[in-house]
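Enquirer: Got a structure for you, questions after.
There are 2 protein chains.
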Amino acid sequence: MSVKEEIMAAHDRFYAALNEMIADKPRSMPDAWYHDDDATTTHPMGHWAIGWDQVIATWEALGDALSDGGVRVTDLHIGIYGDMAYTIGVEHVTFRIMGGEQMSFTANTTNIYRNGPEGWKMIHHHPDKAPEAEEAAAG
Amino acid sequence: MSVKEEIMAAHDRFYAALNEMIADKPRSMPDAWYHDDDATTTHPMGHWAIGWDQVIATWEALGDALSDGGVRVTDLHIGIYGDMAYTIGVEHVTFRIMGGEQMSFTANTTNIYRNGPEGWKMIHHHPDKAPEAEEAAAG
Chain A
147 MSVKEEIMAA
157 HDRFYAALNE
167 MIADKPRSMP
177 DAWYHDDDAT
187 TTHPMGHWAI
197 GWDQVIATWE
207 ALGDALSDGG
217 VRVTDLHIGI
227 YGDMAYTIGV
237 EHVTFRIMGG
247 EQMSFTANTT
257 NIYRNGPEGW
267 KMIHHHPDKA
277 PEAEEAAAG
Chain B
147 MSVKEEIMAA
157 HDRFYAALNE
167 MIADKPRSMP
177 DAWYHDDDAT
187 TTHPMGHWAI
197 GWDQVIATWE
207 ALGDALSDGG
217 VRVTDLHIGI
227 YGDMAYTIGV
237 EHVTFRIMGG
247 EQMSFTANTT
257 NIYRNGPEGW
267 KMIHHHPDKA
277 PEAEEAAAG
């Protein structure tokens with residue numbers, strides 16, 4: 147595989163784990179990430195999580211809260227800089243939060259990956275906040 | 147300066163240029179960036195810009211549209227991976243769009259930098275979309 151194909155595989159592994167999480171639990175999510183102290187994520191609702199322990203805790207909480215939906219990505223672009231790379235795109239998101247009404251929104255998203263001992267894996271995930279999801283999660 | 151201090155200087159140079167742009171024009175914005183074909187940015191309103199030509203065009207358009215405000219960053223965290231680094235934080239944004247009502251909002255933000263021939267400079271900027279800013283820009 148070319149470097150670009152390897153990064154795309156890391157991207158696809160993350161989104162497969164994300165869709166598995168919405169359907170059920172984030173079982174394969176840990177495999178999509180390096181478990182770095184500097185790993186960072188945020189979500190359509192909530193605040194920055196810093197370090198793998200916080201990051202995986204947010205995925206576990208989302209796995210409990212979300213159902214009936216999925217995420218697909220359009221407008222994908224890859225920037226490769228040595229052993230780091232990032233992808234940007236537009237996420238088309240659908241889910242229910244805690245059994246509430248199904249909602250759909252789009253979110254600009256940045257993902258960052260590094261190439262380490264286990265190949266290319268994610269270290270950072272940032273989709274736009276979605277005010278409708280924040281309201282539903284708070285309500 | 148330590149590497150961390152150099153990256154913080156690149157961060158601060160970008161936000162000084164951003165505040166200068168809101169006050170007047172994006173005069174010093176080009177100096178804060180590498181003018182890469184892969185440079186990417188988005189803004190509280192609008193879509194991804196890819197490549198330096200598109201990126202600087204969005205800053206020029208915002209310089210014409212925005213006034214009466216500024217941006218300060220809290221919750222700053224730096225991840226350093228060799229010659230790439232990224233910062234996350236929360237932007238506290240205030241401005242008017244095209245002379246309309248002054249608005250304030252917060253946005254989770256990812257910035258990516260690389261260390262090249264001109265030292266550390268930005269290559270990617272992603273603040274959350276702000277629906278109120280999108281409505282005002284469309285209106």
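Note that the protein sequences, when read in sequence, are chains A and B. Counting in my numbering, the first sequence runs from 147 upward without gaps. Counting in my numbering, the second sequence runs from 147 upward without gaps. Yeah, the Cβ is synthetic: ideal placement off N, Cα and C, and Gly gets one too. For clarity, every value in this text was computed on a predicted model and none was experimentally measured.
Relative to the alpha-carbon of F160 (chain B), which residue among B:K150, B:S213, B:D170, B:V217 has its alpha-carbon at the smallest distance?
Expert: Against the second sequence, residue 160 (chain B) aligns to sequence position 14. Residue B:V217 is the option with its Cα nearest to F160 (chain B).
Enquirer: Excluding sequence positions up to five away, which residues of its chain have a Cβ less than 7 Å from the Cβ of I224 (chain B)?
Expert: Looking up residue 224 (chain B) in the second sequence gives position 78. Closer than 7 Å at the Cβ level, and outside the excluded window around I224 (chain B), lie K150, I153, A231, T233.
Enquirer: Once DSSP output is grouped into helix, strand and coil, what is the label at W205 (chain B)?
Expert: Counting from 1 along the second sequence, the entry for residue 205 (chain B) is found at position 59. Reduced to three states, the DSSP call for W205 (chain B) is helix.
Enquirer: Once the 5 residues before and after Q248 (chain B) are set aside, which same chain residues still bring their CB inside 8 Å of it?
Expert: If you number the second sequence from 1, residue 248 (chain B) lands on position 102. Counting only Cβ-Cβ distances below 8 Å, and skipping sequence neighbours, we find D214, G215, T240, F241, R242.
Enquirer: For the putative contact between T187 (chain B) and H270 (chain B), defined by C-beta atoms under 8 Å, what is the C-beta separation to the nearest angstrom?
Expert: Numbered from 1 along the second sequence, position 41 holds the residue referred to as residue 187 (chain B). Numbered from 1 along the second sequence, position 124 holds the residue referred to as residue 270 (chain B). Confirmed, about 7 Å.
Enquirer: Is the Cβ of H157 (chain B) closer than 8 Å to any Cβ of chain A?
Expert: By 1-based counting over the second sequence, the position of residue 157 (chain B) is 11. Output row for H157 (chain B): interface = no.
Enquirer: Which first and last residues belong to the alpha helix (DSSP H) in which P277 (chain B) is found?
Expert: Looking up residue 277 (chain B) in the second sequence gives position 131. It spans 277 to 284 - the alpha helix (DSSP H) in which P277 (chain B) sits, taken as one unbroken run.
Enquirer: Between which two residues does the beta strand (DSSP E) containing K267 (chain B) stretch?
Expert: As a position in the second sequence, residue 267 (chain B) is number 121, starting the count at 1. Its beta strand (DSSP E) spans residues 265 to 273.
Enquirer: Can you list, in chain order, the residues of its chain whose CB lies under 8 Å from that of M147 (chain B), leaving out five sequence neighbours each side?
Expert: Here residue 147 (chain B) is taken as the residue at index 1 of the second sequence, counted from 1. Contacts found: A155.
Enquirer: Cβ closer than 9 Å: which chain B residues qualify as neighbours of M249 (chain A)?
Expert: To locate residue 249 (chain A), count along the first sequence from 1; it is residue 103. Near M249 (chain A) there are no residues of chain B at all, since even the closest Cβ is about 14 Å away, more than 9 Å.
Enquirer: Classify A203 (chain A): buried if its beta carbon has 16 or more other beta carbons within 10 angstroms, exposed otherwise.
Expert: If you number the first sequence from 1, residue 203 (chain A) lands on position 57. So A203 (chain A) counts as exposed.
Enquirer: What are the residues that DSSP puts in a beta bridge with Y259 (chain A)?
Expert: Taking the first sequence and counting its residues from 1, one reaches residue 259 (chain A) at position 113. A:A231, A:M268.
Enquirer: Would you give the residue range spanned by the alpha helix (DSSP H) that R173 (chain B) belongs to?
Expert: Here residue 173 (chain B) refers to the residue found at position 27 of the second sequence. Neither: R173 (chain B) is in no alpha helix (DSSP H) and is coded neither H nor E.
Enquirer: Indicate whether at least one CB of chain B lies closer than 8 Å to the CB of R218 (chain A).
Expert: On the first sequence, position 72 is the one that residue 218 (chain A) refers to. It does not; no Cβ of chain B falls within 8 Å.
Enquirer: For A287 (chain A), tell me which candidate among A:H193, A:G197, A:P176 has the shortest Cα-Cα distance.
Expert: Outside the displayed range of chain A (147 to 285) lies residue 287 (chain A), so it cannot be described from this structure.
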